[in-house]
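Peer 1: Please find one structure pasted underneath; my questions will follow.
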Amino acid sequence: MAQIELPIEGMTCEHCVRSVRGALEAVPGVRSAKVSLADRKAIVEADGIAPERGVLSDAVARAGYRVPDAARPRDSDPRLVPLASSIIDRPTPAAAPPPSPTGRENEILLNVDGMTCASCVSRVERALSAVPGIASARANLATNQAAVNLVPGSLDIPALVEAVRRAGYEASLADDMHDGGSLATRSERELARWRRLLLWSAALLAPVVILDFVGTEWPEARWIQLASATALQLYVGWPFLQGALRRLRHASTNMDTLVTIGTWAAYGAGAYGLVVGSEHSGHSQPMYLMDAGIILTFITLGKYLEARAKGRASAAIRKLLDLAPPLADVQRGGAIVSVPPDQVAVGETIVVRPGEKIPLDAQVLSGTASVDESWLTGESVPREKGPGSEILAGTINGTGSLTARVLKPAGQTALAQVVELVRRAQESKTEIQRLADRVVSWFVPAVLVVAAATLLAWGLAGGQWGEGLSATVAVLVVACPCALGLATPTAILVASGRGAELGILIKEAHALEIAGRVTSVVLDKTGTITRGKPSVTQIVPAPGVLPEDLLATAASVEQLSKHPLAEPIVRAAQQAGLSLSQVDSLQIAPGQGVFANGKRGELLVGNESLLSSRGIAWTSAQALINTLRTTGETPILVAAGGNYLGLLAVADAIGPHSREAVEQLKALGLNVLLLSGDHRAIVARVAREVGIERIQAEVLPGQKQAAVAALRESGQVVAMVGDGINDAPALAAADLGIAIGSGSDIALEAADIVITADDLRAVARTIALSRATLSTIKQNLAWAFLYNVLLIPIAAGILVPLGGYRLPGVAAAAAMALSSVSVVTNSLLLRARNLD
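Numbering (this note's numbering), first residue to last: 3 to 838.
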């Protein structure tokens, strides 16, 4: 019996394992296949003569996965998947779809290699969108990835990879979205590549520059210069040449085209002058060689700085991914085994020791502990967890060991949903970016026309072909649209990451754009401005009675009751550290309250009717009771041993930061409206307490939606903030829906932005972040457009006839590199922006 071991890439869960195993066992001659998700490999057992490795690789490819060392097209990047080779000249049957790395059904994420500017982004998107079964595709230059939305029921990963390859790029299925290490590795690999090229560029450029100044009388100097320049052009310039040739094969152009034509033109002129006419060339030919080398060095420096800045920009999502531990301790067969979280099934029992990160969302079965949930709620104070409590992936167990039953698989935890929302925002585009993409689609061809015209103008008009060549090189280099391609995605990347750190999850980049233009904010009351659950708002003792005694007496009785108003009274006593006395014989008086026996005789907690039925005088509190009912608070009277002790007021309390949040919204120049289905008196009280002047009360969900629509029709850009099921229609009807993270699933789904913590101040931070992001995007685009509009004519020499300056090729390269770095750096400033 023969065995073959195959490395497998692209598996993310047990479904993937089953798909690969089924594909391999379907190959004739295969007896069995053992597939390990942890080891990322398959061991194939065959009877007699084993199938060829290529046959097994093709079977894996047809299932939507990859064997990295299988045969691949000659011009493929060796790190990428040979999926394209398996579908050339023959159709591939649809396989059972592997789970999406994005965590969203009917969507997959591809890593794309070879994109260098905004024109590449447009070409990749068009190529993917043309594949049958694709609803839409979005490529992102800042992350070098493409998100593909599929028509339900269709998935052909090899066809997608092949479409990208035909467009001149390389693609592979992205790794599991929960693997923070793989994201960091990609970023580090790109940075290391450009660092290596930069060092070689500087080393090879040095002889060209030094000998030009000190070795002009040395006959061999020019040949050393030529050798160094040639090595520099071939090694450092190879990535650009390779990209330009791929574009040429597909009748397209991009940044690589401009750099390649410009540098090879300068190099060719210098090499020709040295080889053919060296004795007459004087100093100009080495200068051409030096121009080509310096241009490549500056561009490589720019790419290195850009890669480093992009890595910093995407650091937020990697931090989120790193919150989840790599292993989970699971109870299996009487023992505790450590396995990756994606191999743990719902219903299994995990063990979390003190100080460990919680790997999955689960419900505590035994043990008590204080758990740090600050990554999700923003609250620095740990929360106590015990049997029945829910614990979330990525939170930290501070004290005590816990055993818990897993509630959700790794791809559906609260942490996974947060990461997915951040990634979704980073993949999406604003309307401004779509406009920039349309401009860039014709920009590079137009630059080639301008460059050709520049060469002809200098040569035909004045016979200055040498100057014309220099001007043409400068035009080609300075026109590279890198800055245009990075202007919007880097700002979105940083803003979505900063938002996630603040508990603000942005579903789409378009939401950021709308939030920046909001003029009116509509706030729901319950669960948004208020806490959404009743609490004790006032303690009013009778003369001679201590407030602590009043509260403790009421709580001693209510601890035996299941009434909704009993819980806030008991909670208030516990928070005050009061000791409760023993009571017995609890009885319920329907419509009046409860009573029980204690050391002080009969204890009563209820309304006026209950005390009146026992002949207890309470009328001194009549005015206060009327006032409380008018403002929507519920008075609860307390008596003991025939004596009136005072009353407690219970109501849905105002959130601790609600008034400050409203003030912040007003400070941003926004109109604030309170919209609620509650009684007008209650809504008016809440509005007064938080400083809102405009209210609409007693409105049904449909009326909430109509009120939001009416505001929009009046010309307002409306943001609706809510947390309940009844808020969903209004959230969907608003220009921008903002859901409080503790709210209903329906509200969260209908919203454009989700706030994970119960802190209304995050709404003002959202608006401030959005305005700052829009401002940054506009600054980036303005700089990028002005840079090209102004420098291209100067590089062409339009000012020379007027006695002005022509931009040299070296300066053009420095300016081009500076433009990209400045755009990314400007976006990074969002991380330091004060949003309070």
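Every residue gets a Cβ at the ideal spot worked out from N, C-alpha and C, and that includes glycine.
Only a predicted model underlies this, so the values are computations on that prediction, with no experimental measurement involved.
1. How should Ser102 be labelled, buried or exposed, when 16 other C-beta atoms within 10 angstroms of its C-beta is the threshold for buried?
2. Checking 7 Å against the spacing of the C-beta atoms, do Ile742 and Thr530 come in under that value?
3. Within the continuous alpha helix (DSSP H) that includes Leu58, where are the two ends?
4. What number of angstroms, rounded off, separates the C-alpha of Leu112 from the C-alpha of Gly336?
5. Going by the CB atoms, is the gap between Val32 and Ala48 shorter than 7 Å?
6. Since Val520 contacts Ala721 with CB under 8 Å, what's their CB separation in whole angstroms?
7. Measuring CB to CB, does Arg407 end up less than 7 Å from Leu367?
8. One question on the structure: do Leu606 and Ala575 come within less than 7 Å of each other, judged by their Cβ atoms?
9. I think Pro2 touches Val538, with their Cβ atoms under 8 Å apart; what is that distance to the nearest whole Å?
10. Could you say if the region 129-149 and the region 510-520 meet the contact criterion of at least three C-beta pairs nearer than 8 Å?
11. How would you call Arg68, buried or exposed, if buried means at least 16 neighbouring beta carbons within 10 angstroms?
12. 7 Å is my cut-off, CB to CB: does Gly388 come that close to chain D?
13. Along the chain, which unbroken stretches of the alpha helix (DSSP H) at least 4 residues long are found entirely within the region 687-747?
14. Short of 7 Å in beta carbon distance, which residues of its chain neighbour Val480, apart from the five on each side in sequence? Order them along the chain.
15. Within the region 365-410, note down every full alpha helix (DSSP H) run reaching 4 residues or more, in order along the chain.
16. Between Thr474 and the rest of its own chain, which residues show a CB-CB distance below 6 Å, the 5 nearest in sequence each way excluded?
17. Which same chain residues, not among the five before or five after Asn609, have their C-beta less than 7 Å away from its C-beta?
18. Expressed to the nearest angstrom, what Euclidean distance is found between the alpha-carbon atoms of Ser78 and Ala63?
19. Leaving out the 5 sequence neighbours to the left and right, which residues in its chain are closer than 7 Å to Ala764 when beta-carbon positions are compared?
20. Taking the straight line between their C-alpha atoms, what separation do you get for Met117 and Leu260?
21. Looking only at C-alpha atoms, which of Arg23, Asp761, Thr370 and Glu715 sits nearest to Gly388?
22. Would you mind working out which of Arg55, Glu11, Arg631 and Ser716 sits nearest Ala4, comparing C-alpha positions?
23. How about the region 296-304 and the region 228-239: do they share at least three Cβ pairs that are nearer than 8 Å?
24. In the DSSP assignment, the beta strand (DSSP E) including Ile618 goes from what residue to what residue?
25. Mapping DSSP to helix, strand and coil, what is Glu635?
26. Nearest by alpha-carbon distance to Thr492: which of Val825, Asp115, Asn836 and Ala61 is it?
27. Name the DSSP bridge partner or partners of Ala591?
28. Which of helix, strand or coil does DSSP assign to Tyr67?
29. With a 10 Å radius around its C-beta and 16 neighbouring C-beta atoms as the bar for buried, classify Ser611 as buried or exposed.
30. Would you list the one or two residues that DSSP bridges to Pro342?
31. For Gln365 and Gly400, I'd like the C-alpha separation in whole angstroms.
32. May I ask you to list the residues that DSSP assigns as paired with Gly648?
33. So, helix, strand or coil for Ala165, using DSSP?
34. Could you tell me whether the Cβ atoms of His681 and Asp761 are closer together than 7 Å?
35. Secondary structure at Val520, three-state DSSP: helix, strand or coil?
36. Can you give me the start and stop residues for the alpha helix (DSSP H) that Ile226 sits inside?
Peer 2: Short version:
1. Because the pLDDT at Ser102 is just 43, under 50, the model does not fix this residue reliably, and the value given afterwards should be weighed accordingly. When all chains shown are included, Ser102 counts as buried.
2. Thr530 sits close to Ile742, with the two beta carbons spaced by under 7 Å.
3. For Leu58, the uninterrupted alpha helix (DSSP H) run begins and ends at Arg55 to Arg64, by DSSP.
4. Rounded to the nearest angstrom, the gap between the Cα atoms of Leu112 and Gly336 is 41 Å.
5. Yes, they are a contact pair.
6. That belief holds up - the Cβ atoms of Val520 and Ala721 are roughly 5 Å apart, short of 8 Å.
7. In this structure, Leu367 lies closer than 7 Å to Arg407 by Cβ.
8. Taking 7 Å as the cut-off, the beta carbon of Leu606 is found no closer than this to the beta carbon of Ala575.
9. Outside the shown range of the chain, which is 3 to 838, sits residue 2, and nothing can be said about it.
10. No, the region 129-149 is not in contact with the region 510-520.
11. Per the 10 Å Cβ criterion, buried.
12. Reference to chain D is not applicable here, since this structure consists of a single protein chain.
13. Every alpha helix (DSSP H) of 4 residues or more that sits fully in the region 687-747 is shown, in chain order, as 703-715 and 730-735.
14. Beyond the five residues adjoining it in sequence on each side, Val480 comes within less than 7 Å, by CB distance, of Leu793, Ile794, Ala797, Leu809, Ala814, Ala817 and Met818 in the same chain, given in chain order.
15. Every unbroken stretch of the alpha helix (DSSP H) spanning 4 or more residues and falling wholly within the region 365-410 is given here in chain order: 376-379.
16. Once the five neighbours on either side are set aside, the close Cβ partners of Thr474 are Ala453, Thr456 and Leu457.
17. Result list for Asn609: Gln594, Gly595 and Leu639, in chain order.
18. Here the model assigns Ser78 a pLDDT of 33, short of 50, so the residue's position is not dependable, and the following value carries that caveat. So the two alpha carbons sit approximately 16 Å from each other.
19. Excluding positions up to five away in sequence, the list reads Leu504, Gly505, Ile506 and Ile757.
20. C-alpha of Met117 to C-alpha of Leu260: approximately 14 Å in a straight line.
21. Of the candidates Arg23, Asp761, Thr370 and Glu715, the one whose C-alpha sits nearest the C-alpha of Gly388 is Thr370.
22. Checking every option, the nearest Cα to that of Ala4 belongs to Arg55.
23. Touching, yes, given that three or more Cβ pairs across the two stretches are closer than 8 Å.
24. Taken as a continuous stretch (DSSP letters only), Ile618 belongs to no beta strand (DSSP E), as it is neither H nor E.
25. In this structure, Glu635 counts as coil in the three-state DSSP scheme.
26. Shortest Cα-Cα distance from Thr492 to any of Val825, Asp115, Asn836 and Ala61 involves Val825.
27. Note: Ala591 sits in a beta bridge opposite Gly595.
28. Three-state result, Tyr67: coil.
29. Exposure of Ser611 is indicated by the presence of fewer than 16 other C-beta atoms within 10 angstroms of its C-beta.
30. Bridge partners of Pro342 according to DSSP: none are assigned.
31. Computed Cα separation, rounded: 17 Å.
32. DSSP, once it has assigned bridges, lists Pro543 and Val640 as partnering Gly648.
33. Ala165 carries a helical assignment under DSSP once its states are collapsed to helix, strand and coil.
34. For the pair His681 and Asp761, the CB atoms are not nearer than the 7 Å cut-off.
35. DSSP places Val520 in the coil class of the three-state scheme, outside both helix and strand.
36. From DSSP, the alpha helix (DSSP H) with Ile226 extends over Ala223 to Tyr237.
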